[in-house]
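Residue numbers (my numbering): 3 to 458.
Here you go:
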């Protein structure tokens, strides 16, 4: 051919000096294109399956732990009644207040009645737990007590799922995961997770809030805001815990970055926005109270009138607030007083571990410090609230602190190499001792709780 460009219609090849290009007939994709498309589809399918598998394992493990907790309470310790009666025995004390809110809505006089009378003044609990339970009640046409328990147990499943998702994100070894699970399950107040109380919903939303706040994707920010909104609508202490994204951001960049607040705000708009939305759960409840009764603080007034709650914000600093005696099994108030002391020692101990140069670890410190912030806030505000009633219910409130510290400590321990056999044996023995002791005490409390006796 005399031309420098030759086209072969048969082969569909365009020849240019120094360059050969394959021209494909219209409508007939080349085999390599099909292969690439097939490869891309396989890659997408593999990525999807990997994500599903990553979520499926924590989901199933969390479900198993929740069912084991429920089986222990119903099968071993509840009254010897038909299974439905055993199940309903998990509804006690505060659960009846939640049921009253579900059935009647919030009702009160202003000022609230000066004693506990739910038929007159029931604005003594935050709305998230009874509101979600009410959705289950009317959606599935079940009794209020069943709706409360279903909500609590689904939230417990969510809490354990987030626990194992944290472990998966941090590549925590199976041995440490088992130890962490036992340390939480064996807490004397752990059974409140599957009872008709709001502990499980608060912990699930708090763990989910922390989990999604520290994720990188855009959708994670939406999930974090949603969890935070429910968290502050479940417990008043959720307002302070909503600061976690801001605390985490400050600890990541260092305090010096705050010298330029405008620049810091521009760089961490997402963290500030998540915190603002998270606080709105409680703010919405206060606005509702103001519009309906003309008092945004009707919740605090009801707590003061019915339960005698007068906050003492210096109680945590008073030596007289701490009790060191071994409590009597038939005196839950003494157990709550001791749990305050043990909770304080736990916080001090974890602080020493993080500060001692020989064992401290920088990796993940900002995250752990944010979790410690939430734990310390719950501990401080709980003590401030119940100091005036001899630390009543502190055993239950301290359980939330305990769960947070266990998760943070797993992250801390995961920074170390495999310890010597002697150290491992000591750790296993300590976990076994705590588990055995804790489950025995918890069993006694479950036995009493399911028979209508006050525990915490």
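Every residue gets a Cβ at the ideal spot worked out from N, C-alpha and C, and that includes glycine.
Can you give the beta carbon distance from residue 446 to residue 344, rounded, assuming they're within the 8 Å contact cut?
Within the chain shown, residue 446 is the residue found at index 444, counting from 1. Within the chain shown, residue 344 is the residue found at index 342, counting from 1. With a Cβ gap of about 17 Å, residue 446 and residue 344 do not count as contacting.
Under a Cβ-count criterion, where at least 16 other Cβ atoms within 10 Å of its own Cβ denotes burial, should residue 442 be classed as buried or exposed?
Sequence index remark: in the chain shown, residue 442 carries index 440 (1-based). Looking at its Cβ environment, which holds fewer than 16 other Cβ atoms inside 10 Å, residue 442 is exposed.
Consult DSSP for residue 276 and reduce its assignment to one of helix, strand or coil.
Numbered from 1 along the chain shown, position 274 holds the residue referred to as residue 276. Residue 276 falls in the helix class under three-state DSSP.
Let me make sure I understand the geometry here. Which of 89, 366, 112 has the alpha-carbon closest to that of residue 291?
Counting from 1 along the chain shown, the entry for residue 291 is found at position 289. It is 112 whose Cα lies nearest to the Cα of residue 291.
Kindly examine the ligand PLP and report whether one of its heavy atoms sits closer than 6 Å to the Cβ of residue 176.
What this structure holds is no ligand at all, so the ligand PLP is not there to describe.
From residue 70 to residue 219, what does the alpha carbon distance come to, in whole angstroms?
Here residue 70 refers to the residue found at position 68 of the chain shown. Here residue 219 refers to the residue found at position 217 of the chain shown. Using only the alpha carbons, I get a separation of about 34 Å.
Fully enclosed by the segment 78 to 111, which alpha helix (DSSP H) runs are 4 residues long or longer?
85 to 90, 96 to 106, all fully within the segment 78 to 111.
Does the distance from the C-beta atom of residue 370 to that of residue 307 stay below 7 Å?
Taking the chain shown and counting its residues from 1, one reaches residue 370 at position 368. Taking the chain shown and counting its residues from 1, one reaches residue 307 at position 305. No, the Cβ-Cβ distance between residue 370 and residue 307 is not below 7 Å.
Per DSSP, what kind of secondary structure is residue 417 in: helix, strand or coil?
As a working mapping, residue 417 is identified with position 415 in the chain shown. Note: residue 417 maps to coil in three-state DSSP.
Do residue 397 and residue 192 have their CB atoms nearer than 7 Å?
Along the chain shown, read from residue 1 onward, the residue named residue 397 stands at position 395. Along the chain shown, read from residue 1 onward, the residue named residue 192 stands at position 190. No. Outside cutoff.
Can we say the segment 143 to 151 touches the segment 96 to 110, given the rule of at least three CB pairs closer than 8 Å?
Yes, since at least three Cβ pairs between the segment 143 to 151 and the segment 96 to 110 fall closer than 8 Å, the two stretches touch.
Mapping the DSSP letters down to three states, classify residue 143 as helix, strand or coil.
As a first step, residue 143 must be located in the chain shown, where it is residue number 141. DSSP places residue 143 in coil when its eight states are reduced to three.
How many whole angstroms separate the CB atoms of residue 232 and residue 130, which I take to be in contact at a CB cut-off of 8 Å?
Along the chain shown, read from residue 1 onward, the residue named residue 232 stands at position 230. Along the chain shown, read from residue 1 onward, the residue named residue 130 stands at position 128. Yes, residue 232 and residue 130 are in contact; Cβ-Cβ is about 5 Å, under 8 Å.
For residue 364, count neighbouring C-beta atoms within 10 Å of its own C-beta (all shown protein chains included) and say buried if the count is 16 or more, exposed if not.
Locating residue 364 in the chain shown gives position 362, counting from the first residue. Residue 364 should be labelled exposed.
Kindly indicate the opening and closing residues of the alpha helix (DSSP H) around residue 223.
The count along the chain shown starts at 1 and reaches residue 223 at position 221. Run containing residue 223: 220 to 236, per the alpha helix (DSSP H) assignment.
Hey, how far is the Cα of residue 390 from the Cα of residue 315?
Position 388 of the chain shown holds residue 390. Position 313 of the chain shown holds residue 315. Residue 390 and residue 315: Cα-Cα distance of roughly 11 Å.
I'd like the list of long-range same chain contacts for residue 388, defined as Cβ closer than 8 Å, with 5 residues on each side in sequence excluded.
Sequence index remark: in the chain shown, residue 388 carries index 386 (1-based). Excluding residues within five positions, the ones whose Cβ falls inside 8 Å are 311, 338, 394, 395, 396, 399.
Starting from residue 264, trace the alpha helix (DSSP H) in both directions and tell me its first and last residue.
As a working mapping, residue 264 is identified with position 262 in the chain shown. First-last of the alpha helix (DSSP H) with residue 264: 263 to 269.
Over the uninterrupted alpha helix (DSSP H) stretch that includes residue 442, give me the two end residues.
For this step, residue 442 is matched to residue 440 along the chain shown. Segment 423 to 451, the alpha helix (DSSP H) holding residue 442.
Going along the chain, which unbroken runs of the alpha helix (DSSP H) with 4 or more residues stay wholly within the segment 339 to 392?
If we require 4 residues or more, the alpha helix (DSSP H) runs fully inside the segment 339 to 392 come out as 367 to 388.
Should residue 444 go down as buried or exposed, given a rule of 16 or more other Cβ atoms within 10 Å for buried?
Indexing the chain shown from 1 puts residue 444 at position 442. Flag for residue 444 reads buried.
Apart from the five residues on each side of it in sequence, which residues of its chain come closer than 6 Å, Cβ to Cβ, to residue 38?
Numbered from 1 along the chain shown, position 36 holds the residue referred to as residue 38. Residue placement at residue 38 is poorly supported in this model, since its pLDDT is 43, which falls under 50; the coordinates still yield a value, given next. Taken in chain order, the list of residues that qualify is empty.
Quick check on residue 194: buried or exposed, where buried means 16 or more other Cβ atoms within 10 Å of its Cβ?
Position 192 of the chain shown, counted from the first residue, corresponds to residue 194. So residue 194 ends up on the buried side.
Checking 7 Å against the spacing of the C-beta atoms, do residue 412 and residue 66 come in under that value?
For the purposes of this step, residue 412 is taken as the residue at position 410 of the chain shown. For the purposes of this step, residue 66 is taken as the residue at position 64 of the chain shown. No, the pair does not count as a contact, with Cβ atoms beyond the cut-off.
Would you check if the segment 371 to 385 and the segment 400 to 408 touch, i.e. whether three or more CB-CB distances between them fall below 8 Å?
With a cut-off of 8 Å, the segment 371 to 385 and the segment 400 to 408 count as touching, because enough Cβ pairs lie within range.
Could you check if residue 440 is buried or exposed, using at least 16 other CB atoms within 10 Å of its CB as the buried criterion?
For the purposes of this step, residue 440 is identified with residue 438 of the chain shown, where counting begins at 1. So residue 440 counts as buried.
From what residue to what residue does the alpha helix (DSSP H) around residue 197 run?
Numbered from its first residue, the chain shown carries residue 197 at position 195. Element bounds for residue 197: n/a, residue is neither H nor E.
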